[in-house]
Ligand code: ADP
Ligand code: MG
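In full-length UniProt numbering, the protein residues as written are 1 to 552.
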């Protein structure tokens with residue numbers, strides 16, 4: 001007997017959007033269903049390696065059958081399959097990874113561009129189908145289940161037992177095509193879509209043709225084992241699209257590694273063109289794909305890189321890894337930790353090279369991911385110095401450019417021993433502050449920290465090239481003497497403090513009371529009568545206002 005269930009309310013909303021989605025997005029539905037089939041095969045392979053008594057995992061495959069007569073497109077796999085409860089949990093709620101990111105991003109954003117970029121998982125089926133039918137049998141059961149929905153508020157589930165039971169474990173998704181999606185019953189159209197989106201799926205995809213022949217669609221060798229120079233930009237674009245779901249986008253850069261020592265590693269890492277975290281799409285939670293001798297061990301392995309490199313997509317293949325280990329054992333594995341260390345250092349090395357050889361690309365990278373990368377200064381002690389080299393700042397001399405600490409140090413004036421910084425939004429406003437006078441009069445450049453977090457980062461970094469970071473507001477700022485040319489008064493005796501200055505200072509002390517630690521005379525001002533400084537080791541006013549913002 002069929003039972004009827006209501007979709008979670010978010011899904012109903014999503015389904016409405018999908019049914020109105022743009023025509024060019026529809027191909028994505030095939031990609032999503034094939035990727036689910038592939039995930040189900042991966043899960044089965046892992047289970048069969050770990051659990052005694054399960055039939056071996058030979059012959060894992062995906063079969064795609066377009067049927068023009070029946071006006072259907074069927075995507076079948078012999079993976080783990082689903083039980084009754086799996087169906088309700090997996091195909092009735094929106095807690096799934098891909099879909100979740102999408103619905104988070106929906107608020108205010110353009111749904112059509114998001115569908116193309118991030119994918120909407122299983123529900124994408126409704127872009128092509130009037131009715132979706134899922135026939136499935138879990139590897140744990142003899143009977144099977146049928147899930148059907150017309151993509152309006154509900155779905156039904158009924159049991160398939162006896163003769164109706166699927167002969168094998170696995171899942172078959174039957175799309176009863178919409179009138180405006182009939183072309184997806186044409187084998188040539190489907191072949192084109194499969195080649196476009198699913199060439200890198202790590203299981204064979206067979207396309208059943210009208211003539212009864214089947215075609216192995218994804219029979220090329222995997223890109224990451226190919227020699228570095230032979231992978232074309234187009235192949236990279238496709239592989240990046242496959243890994244990230246950002247189909248059609250060009251990665252900002254790629255890093256193709258083939259190492260023999262200290263470990264045998266083949267890997268390709270991609271930097272996406274945009275940072276979804278900056279678009280308010282939430283924290284990047286995806287990881288890298290980990291393979292052992294070309295066989296996927298774990299997808300979304302988020303411990304293979306430190307968190308501050310979480311924006312990268314990629315695949316890592318090592319023949320030194322065991323195939324059948326649990327997630328936990330994997331993370332404690334010394335090989336695994338070694339891979340992580342090697343990858344981290346390769347990525348940092350690559351960024352340093354990129355900054356040198358392709359400054360424009362690096363600037364774009366830094367604009368997108370600089371705020372994530374700089375987290376590493378606090379969290380990755382051993383690599384702190386290397387990350388410090390990669391940081392970029394605006395300066396009051398060149399407020400429209402981002403430059404590195406090395407460039408700052410090279411431009412330091414004679415007698416300058418410290419690296420100065422000031423917090424503020426724009427250089428013009430900052431330059432008008434009295435505190436800056438002493439610095440501009442001496443021609444000293446100052447890092448312009450537009451984000452208060454940068455000050456924390458510099459404080460953590462402590463120093464660069466033996467030079468301390470000092471706020472211009474700090475009493476510890478150690479200024480070189482004024483340049484000769486600008487100061488002919490040098491030959492003359494120092495002007496004595498005007499009579500009565502002590503009395504004025506006294507008035508200030510009385511008036512300010514405990515608000516100040518000290519009121520004293522300075523020779524560091526040229527035009528303004530007074531300025532505020534923070535005592536040695538104190539936080540700059542900008543940082544104080546950020547940290548204290550909650551107190552007020
Ligand atoms: P995601 O793949 O990101 O988890 P989807 O919406 O694509 O989200 O799929 C939802 C869930 O449905 C999957 O996580 C999986 O548990 C289940 N599922 C979908 N297709 C299959 C399939 N062919 N075989 C087994 N389980 C599946
Ligand atoms: Mg999916």
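Every residue, glycine too, gets a C-beta built ideally from N, C-alpha and C.
Nearest to residue i (by Cα), restricted to the options the options
i	options	result
residue 183	129, 223 and 298	129
residue 314	215, 349 and 242	242
residue 540	472, 206 and 358	472
residue 382	345, 359, 372 and 354	345
residue 441	422, 480, 410 and 85	480
residue 443	415, 8 and 467	415
residue 409	467, 56, 287 and 64	467
residue 453	168, 433, 482 and 544	544
residue 555	162, 169, 164 and 151	Since the first and last residues shown for the chain are 1 and 552, residue 555 lies out of range.
residue 556	267, 515 and 498	Beyond the ends of the chain as shown, which are 1 and 552, falls residue 556; an answer cannot be given.
residue 272	236, 44 and 343	236
residue 167	157, 141, 154 and 188	141
residue 350	456, 3 and 256	256
residue 179	134, 70 and 196	70
residue 86	52, 58 and 134	134
residue 297	42, 20 and 197	42
residue 294	283, 268 and 34	268
Contact under 8 Å by Cβ, residue i with residue j
i	j	result
residue 67	residue 37	no
residue 317	residue 253	no
residue 148	residue 131	yes
residue 418	residue 465	no
residue 392	residue 366	yes
residue 203	residue 62	yes
residue 30	residue 194	yes
residue 79	residue 40	yes
residue 160	residue 146	yes
residue 270	residue 309	no
residue 376	residue 387	yes
residue 73	residue 185	yes
residue 304	residue 290	yes
Chain-order list of residues whose beta-carbon lies under 6 Å from that of residue i (same chain, five-residue window excluded)
i	result
residue 435	472, 473 and 531
residue 82	136 and 138
residue 259	265
residue 405	464
residue 158	2 and 146
residue 487	For residue 487, the pLDDT reaches just 48, beneath the cut-off of 50, and the residue's location in the model is therefore unreliable, although a value from the coordinates is still provided. Cβ within range, chain order: n/a, list empty.
Same chain, Cβ closer than 7 Å to residue i, five either side skipped, listed in chain order
i	result
residue 18	120, 123, 124, 126 and 127
residue 489	Reliability fails at residue 489, whose pLDDT of 47 lies under 50, so the model's placement of it is uncertain and no value is given.
residue 535	475 and 517
residue 300	286 and 287
residue 320	263, 264 and 335
residue 6	153 and 154
residue 26	127, 128 and 181
residue 403	392, 393 and 395
Residue i Cβ short of 7 Å to the ligand MG heavy atom set
i	result
residue 35	yes
residue 121	yes
residue 375	no
residue 285	no
residue 27	no
residue 159	no
residue 32	yes
Neighbourhood of residue i by C-beta, 8 Å cutoff - its chain only, sequence neighbours within 5 removed
i	result
residue 16	none
residue 220	199
residue 47	54, 80 and 139
residue 192	none
Check: residue i C-beta below 7 Å from any heavy atom of the ligand ADP
i	result
residue 77	yes
residue 422	no
residue 90	yes
residue 412	no
residue 127	no
residue 81	yes
residue 65	no
residue 180	no
residue 164	no
residue 39	yes
Closer than 8 Å to chain D by CB, residue i
i	result
residue 419	Looking at the structure shown, chain D is missing, and only one protein chain is on hand.
Contact test: residue i Cβ vs the ligand GDP heavy atom, cutoff 7 Å
i	result
residue 47	Absent from the structure shown: the ligand GDP. Ligands present: the ligand ADP and the ligand MG.
Within the region 421 to 484, ranges of the beta strand (DSSP E) (whole runs, at least 3 residues): The qualifying runs are 447 to 449 and 467 to 471.
As an exercise, report each continuous beta strand (DSSP E) stretch of at least 3 residues that is fully enclosed by the UniProt domain "Histidine kinase/HSP90-like ATPase" (25 to 181), in chain order. Qualifying beta strand (DSSP E) stretches, in chain order: 62 to 67, 72 to 77, 129 to 137, 144 to 149, 154 to 160 and 170 to 177.
Hey, which unbroken runs of the alpha helix (DSSP H) at 4 residues or more fall wholly within the region 315 to 375? Within the region 315 to 375, the complete alpha helix (DSSP H) segments at least 4 residues long are 327 to 332, 334 to 357 and 359 to 373, listed from N- to C-terminus.
Enumerate, from N- to C-terminal direction, the unbroken beta strand (DSSP E) stretches of 3 or more residues contained entirely within the region 245 to 321. Annotation: the region 245 to 321 contains the following complete segments of the beta strand (DSSP E) (minimum length 3 residues), in chain order: 253 to 259, 265 to 271, 288 to 292, 295 to 301 and 313 to 318.
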